[in-house]
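Trainee: Protein chains in written order, with the working numbering: chain A, 82 to 200; chain B, -16 to 479.
What follows is a single structure, and I will ask about it in a moment.
Right, here's the structure in full:
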C-alpha cells in the first residue's frame, strides 16, 4: 500500500519519462518541444506534491483560528517561477522552429541535418 | 548605508537594469556604448569585490534586508570573485573588440535587442556566481541560458539555428535535472539556502533522496558545463555563433556551471554523504580523462577553425575536472586556476578569430593559407594565445598545468595515468595548433582570392592586450593562484 500511496511520485516519474522519450525519439522539432514541456511539467508536479500537508489548508492567517495546519506555500511560489521559465523556453524554442522552417523549409530533424551535411 | 556594502547586489542590478534600457535605444552605436559601459562598470564592481575578499573574509549580503535562511542571501568569497572577474572581464573585452565584427554579423535594426540579450547573459552569469540560494541559481541559470540561445541564434549562418535548437533542448534538460535535484533536497531539509542546506542535511535520517539529488544536480550541471560525453551541444553552438559571442561564452559560461557543480558537490554533499568524494572522483575522473583525449583528438582532425577551438574547450573542461577530481588542495587549486587561464587563452584565441573574420568569410583551416603574411598582427596574437593553451613555460597555461601535474603526482599510480593523459592532451594541442600555424605561415594563398588587409587597429590592439594577459599571468600568477588557493581551501572544509 505504501507504494500506491506515493502515486503522485509515480505520476511524476511516468510523465518525466514520457517527456524525455519524446525529446530524444521524435524527429519533428515541435514534438520535441512538446516533450520538453511535459518533461518540465512533471517537475512542477513533484514540487506541488511535496508541499501538501495532510489536513492542511491554504496558508492564510485568520483572526480567532489557532492551531490550524497549513500546506507549505513556498514550493508553489517556486514553481510559479519555474512555470514562467518553462513558458519562456517553449516560446523561444517555437520562435527558433519558425526560423528553421523559414531557412530550411522543413521542421523534421533528419531532413534538416541531411541538408546541413550537404552544405 | 554606503555604496561599498551594496556592491554584491549592484553586480547583478547594473546589467539587469541596463538591459531593458538598451533594448529601447534605437541607435545601434549608442546601445553598444551603453552595453559596454554597463559591462565595464560590472568589471569595476568585480575588481572592488576582489579587493574586499582578497584577505580571506567573505562578503555577505541579505537581499532586501531579510536575513538568511528566510531571505535570499548573496555570498561572495574568493571563488566567486575569480568567476566574476572572468565573466565581466570577458564580456567587456568581447564587446570592445567585437564592435566592428558584430556590426557586420547582426542586422542594424536588431542590434539594440541583441545587446540587451548580451547584458542579460552577463546578469544571469553574475547572478549564479554571487547568490547563495539554490533556487536563485536555477532562475539566473535560465535567464543566462535563454539570453545565450538568443545571442547564438544571431549568427549569420542558418546552421546557427539548428545548433541553438540542440543547445536549447540539452540546456533545458540540464536545468530541469538541477531543479529536480534541489527539489529533493528541499523536500528533505526545507531550506534552499546553500549554507543552511549544508548543515541541515546532517539532521536528515534517510539519506537516499539526498543521494539521488546529488546525482541529478551533478548530471544536470555537467550537461550545462559540457562535460564529456554531455558536450554534444557545444561544438556547433560555438562554431555558428557570432564571433564576439563565441569569445564571450567560450570564456565563461561552461565555467560558471562548473563553479556551481563544485560548490554543490564539495560544500553541500561532501560533508553529509558517506564517501561522496570517492564517488565524485570515481565518476568524474574517467570522464575528465576521456574528455581530454577525445576532445583533443576531435580537434586534431577538425577542418573548421572555430569548431577545432570548441573541441579544444571540451578537452580543457576535462583538465579542470581532473584537477577537481583529485579532491586535494593542489588539485582543486589547479582546476580553479585553469578556469581562469583557459578563459584568458580561449578568450584571446576567439578574439583573434573575430579579427580573422573581418577579412575572411569562411573559417576553414584551409582558408587560412598565407594569412600569417597578410594579417601578421592577428596571427601573432593567435599564436601567443595558442602557446598559452598548450602550456608553454612563461604563459598562463603553463601555471595551471604545472599545478595539475603536481596534484597528479600526489595520487600515486593513478596519478601517472593522469599525467599520461595531460601530456598526450598537450601534445595533441601542439598538433592541432601547428596545423593552423603551418597553413597560415607556410601555405600559399589562393591566387584568385582578394588580398586581405589587417583588422582595424583598435580591434587588434585590444586582442593583443588579451594575448599579452596570458604572458602577464604566466610570469606573475600571484592573483589567480592566491584566489584559487583560498577557494580550494574553503571548498575542502569537509575533507581536510
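Backbone N, C-alpha and C define an ideal beta-carbon position, used for all residues, glycine too.
Since this is a predicted model, take the numbers as computed values, not measurements.
With 8 Å as the C-beta to C-beta threshold (strictly closer), list the residues of the region 170 to 185 of chain A near chain B in chain order.
Mentor: Cβ contacts with chain B: 170, 173, 174, 177, 178, 180, 181, 184 and 185.
Trainee: Run through the DSSP bridge pairs and tell me what residue 347(B) is partnered with.
Mentor: On the second chain, residue 347(B) is found 364 positions in, with the first residue counted as 1. Answer is 287(B).
Trainee: Looking at C-beta atoms only, is the number of pairs between the region 331 to 351 of chain B and the region 239 to 253 of chain B that lie closer than 8 Å three or more?
Mentor: no
Trainee: Should residue 147(B) be flagged as near chain A, meaning a C-beta pair shorter than 8 Å?
Mentor: By one-based count along the second chain, residue 147(B) stands at place 164. With 8 Å as the cut-off, residue 147(B) counts as an interface residue toward chain A.
Trainee: Taking 8 Å as the CB-CB limit, is residue 122(A) close to chain B?
Mentor: Here residue 122(A) refers to the residue found at position 41 of the first chain. No, residue 122(A) lies away from the interface with chain B (no Cβ there is under 8 Å from its Cβ).
Trainee: With DSSP as the reference, identify every bridge partner of residue 42(B), one or two as the case may be.
Mentor: As a working note, residue 42(B) is residue 59 in the second chain. DSSP output for residue 42(B) lists 59(B) as bridge partner(s).
Trainee: Tell me whether the region -10 to 9 of chain B and the region 100 to 109 of chain B touch, counting them as touching only if at least three CB pairs, one residue from each stretch, are closer than 8 Å.
Mentor: With the cut-off at 8 Å, the region -10 to 9 of chain B and the region 100 to 109 of chain B touch.
Trainee: Any beta-carbon of chain A closer than 8 Å to the one on residue 132(B)?
Mentor: Indexing the second chain from 1 puts residue 132(B) at position 149. With 8 Å as the cut-off, residue 132(B) counts as an interface residue toward chain A.
Trainee: I want to see whether chain B comes within less than 8 Å of residue 197(A), judged by CB atoms only; does it?
Mentor: Counting from 1 along the first chain, the entry for residue 197(A) is found at position 116. By this cut-off, residue 197(A) is an interface position.
Trainee: Over the uninterrupted alpha helix (DSSP H) stretch that includes residue 219(B), give me the two end residues.
Mentor: One-based indexing of the second chain puts residue 219(B) at position 236. 217 to 223 is the span of the alpha helix (DSSP H), which, as asked, contains residue 219(B).
Trainee: Quick one: Cα of residue 139(A) to Cα of residue 176(B), how far?
Mentor: Counted from its first residue, the first chain places residue 139(A) at position 58. Counted from its first residue, the second chain places residue 176(B) at position 193. Rounded to the nearest angstrom, the two C-alpha atoms are 24 Å apart.
Trainee: Rounded to the nearest angstrom, what separates residue 380(B) and residue 329(B) at their Cα positions?
Mentor: Along the second chain, one-based indexing puts residue 380(B) at 397. Along the second chain, one-based indexing puts residue 329(B) at 346. So the alpha carbons of these two residues sit roughly 10 Å apart.
Trainee: Counting along the chain, where does the alpha helix (DSSP H) carrying residue 396(B) start and finish?
Mentor: Here residue 396(B) refers to the residue found at position 413 of the second chain. That run of the alpha helix (DSSP H) goes 396 to 425.
Trainee: Could you tell me which chain B residues have their CB closer than 8 Å to the CB of residue 131(A), listed as they occur along the chain?
Mentor: Within the first chain, numbered from 1, the residue matching residue 131(A) stands at position 50. Those within 8 Å of residue 131(A) in chain B are 166, 169 and 170.
Trainee: Just to make sure I have the definition right: I need the residues of chain A whose C-beta is within less than 8 Å of the C-beta of residue 118(B). Which are they?
Mentor: Residue mapping note: residue 118(B) aligns to position 135 of the second chain, counting from 1. Ordered by position in chain A, the residues that pass the 8 Å Cβ test against residue 118(B) are 159 and 162.
Trainee: Tell me, which residues are paired with residue 324(B) by DSSP?
Mentor: Counting from one through the second chain, the residue named residue 324(B) turns up at place 341. In the DSSP output, where bridge partners are listed per residue, residue 324(B) has none listed.
Trainee: Our contact map puts residue 374(B) next to residue 426(B) with C-beta atoms below 8 Å; I'd like the distance itself, whole angstroms only.
Mentor: For the purposes of this step, residue 374(B) is identified with residue 391 of the second chain, where counting begins at 1. For the purposes of this step, residue 426(B) is identified with residue 443 of the second chain, where counting begins at 1. Not confirmed; about 26 Å, so no contact.
Trainee: Just to confirm my understanding: we take residue 404(B), look at its own chain, exclude 5 residues before and 5 after, and list those with CB closer than 7 Å. What are they?
Mentor: Indexing the second chain from 1 puts residue 404(B) at position 421. Hits under 7 Å: 272, 275 and 276.
Trainee: Measure how close the beta-carbons of residue 239(B) and residue 76(B) come, nearest whole angstrom, since I'm counting them as under 8 Å.
Mentor: Taking the second chain and counting its residues from 1, the one referred to as residue 239(B) is at position 256. Taking the second chain and counting its residues from 1, the one referred to as residue 76(B) is at position 93. Going by Cβ atoms, the distance from residue 239(B) to residue 76(B) rounds to 17 Å, so no, they are not a contact pair.
Trainee: Which value, in whole angstroms, describes the spacing of the CA atoms of residue 79(B) and residue 230(B)?
Mentor: As a working note, residue 79(B) is residue 96 in the second chain. As a working note, residue 230(B) is residue 247 in the second chain. Roughly 12 Å separates the two Cα atoms.
Trainee: Check residue 109(A) in the structure and name its three-state DSSP category.
Mentor: For the purposes of this step, residue 109(A) is taken as the residue at position 28 of the first chain. Reduced to three states, the DSSP call for residue 109(A) is strand.
Trainee: So that I know if they touch, is there some Cβ in chain A lying closer than 8 Å to that of residue 201(B)?
Mentor: The sequence position of residue 201(B) within the second chain is 218, counting from 1. No - not a single Cβ of chain A is within 8 Å of the one on residue 201(B).
Trainee: Is there at least one Cβ from chain B nearer than 8 Å to residue 151(A)'s Cβ?
Mentor: Here residue 151(A) refers to the residue found at position 70 of the first chain. In terms of beta-carbon proximity, residue 151(A) stays away from the interface with chain B, with every pair separated by 8 Å or more.
Trainee: Using alpha carbons as the reference points, say which of 107(B), 118(B) and 37(B) lies closest to residue 162(A).
Mentor: Taking the first residue of the first chain as 1, we reach residue 162(A) at position 81. The option with the nearest alpha carbon to residue 162(A) is 118(B).
Trainee: Using a C-beta to C-beta distance shorter than 8 Å, which residues of chain A count as neighbours of residue 156(B)?
Mentor: Taking the first residue of the second chain as position 1, residue 156(B) is located at position 173. Within chain A, the residues near residue 156(B) are 101, 104, 117 and 120.
Trainee: Applying the 10 Å Cβ sphere with the 16-neighbour rule, what's the burial state of residue 399(B)?
Mentor: Here the question's residue 399(B) lines up with position 416 in the second chain. So residue 399(B) ends up on the exposed side.
Trainee: Would you list the one or two residues that DSSP bridges to residue 151(A)?
Mentor: As a position in the first chain, residue 151(A) is number 70, starting the count at 1. Paired residues: 138(A).
Trainee: Can you list, in chain order, the residues of its chain with a C-beta nearer than 7 Å to that of residue 169(B)? Leave out the 5 residues immediately preceding and following it.
Mentor: The residue labelled residue 169(B) in the question sits at position 186 within the second chain. For residue 169(B), where only same-chain residues beyond five positions count, the Cβ hits under 7 Å are 175.
Trainee: Output the boundary residues of the alpha helix (DSSP H) element that contains residue 133(A).
Mentor: Walking along the first chain from the start, residue 133(A) turns up at place 52. Neither: residue 133(A) is in no alpha helix (DSSP H) and is coded neither H nor E.
Trainee: Give me the Cβ distance between residue 97(B) and residue 107(B), rounded to the nearest whole Å; I'm assuming they're in contact under 8 Å.
Mentor: Locating residue 97(B) in the second chain gives position 114, where the first residue counts as 1. Locating residue 107(B) in the second chain gives position 124, where the first residue counts as 1. Not a contact, Cβ separation roughly 16 Å.
Trainee: Within the same chain, show all residues whose beta-carbon is closer than 6 Å to that of residue 71(B), passing over the 5 residues directly before and after it, in chain order.
Mentor: Residue numbering aside, residue 71(B) sits at position 88 when the second chain is read from its first letter. For residue 71(B), where only same-chain residues beyond five positions count, the Cβ hits under 6 Å are 25, 26 and 29.
Trainee: What does residue 94(A) touch in chain B if you count any residue whose Cβ is under 9 Å from its own?
Mentor: By 1-based counting over the first chain, the position of residue 94(A) is 13. Below the 9 Å Cβ cutoff, chain B contributes no neighbours of residue 94(A), its closest Cβ being approximately 10 Å away.
Trainee: Looking at residue 121(A) and residue 186(A), is the spacing between their C-beta atoms short of 8 Å?
Mentor: Here residue 186(A) is taken as the residue at index 105 of the first chain, counted from 1. Here residue 121(A) is taken as the residue at index 40 of the first chain, counted from 1. Inclusion of residue 186(A) and residue 121(A) in the CB contact set at 8 Å is not warranted, their separation being larger than that value.
Trainee: Report all residues from its chain with a CB closer than 8 Å to the CB of residue 68(B); omit the five preceding and five following residues, and keep chain order.
Mentor: Locating residue 68(B) in the second chain gives position 85, counting from the first residue. 26, 29, 30, 33 and 323.
Trainee: Can you pull the chain A residues whose beta carbon is under 7 Å from the beta carbon of residue 163(B), in chain order?
Mentor: Translated into positions along the second chain, residue 163(B) becomes position 180. Result: 124 and 127.
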